[in-house]
Amino acid sequence: MATHRSAKKRHTQSLKKRARNNQIRKTVRGAVRKLREAAGAGAETKQELLQSAERLLRKASSKGVVHKRTVSRTVSRLAKLAQR
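Read in order, the letters of the sequence shown correspond to residues 303 to 386 in the numbering used here.
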């Protein structure tokens with residue numbers, strides 16, 4: 303356990319940041335999962351789900367939760383999936 307006051311503060315901050323990042327990742331994964339399921343079922347809402355998932359992915363990228371190139375690759379694959 304940290305003994306310095308600043309180290310304790312950094313530890314607390316890192317726990318909060320980790321919880322926030324996990325929540326963002328969970329939301330993004332849910333949106334991507336919904337899109338993949340809709341694409342598999344041939345649903346009509348694929349484009350709306352794609353826009354929603356892309357928005358969440360780009361937002362996660364801007365917050366530093368997911369890397370920019372990972373987001374670009376994922377969005378590209380999802381767009382290709384939604385076109386089928």
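Backbone N, C-alpha and C define an ideal beta-carbon position, used for all residues, glycine too.
Check                                                                                                                                                         : Outcome
Mind checking which residues open and close the alpha helix (DSSP H) that includes G344?                                                                      : First-last for G344: undefined, no H or E at that position.
By DSSP, does R379 sit in helix, in strand, or in coil?                                                                                                       : helix
For the structure I just gave you, are there three or more beta carbon pairs, one from the stretch 309-322 and one from the stretch 343-350, closer than 8 Å? : no
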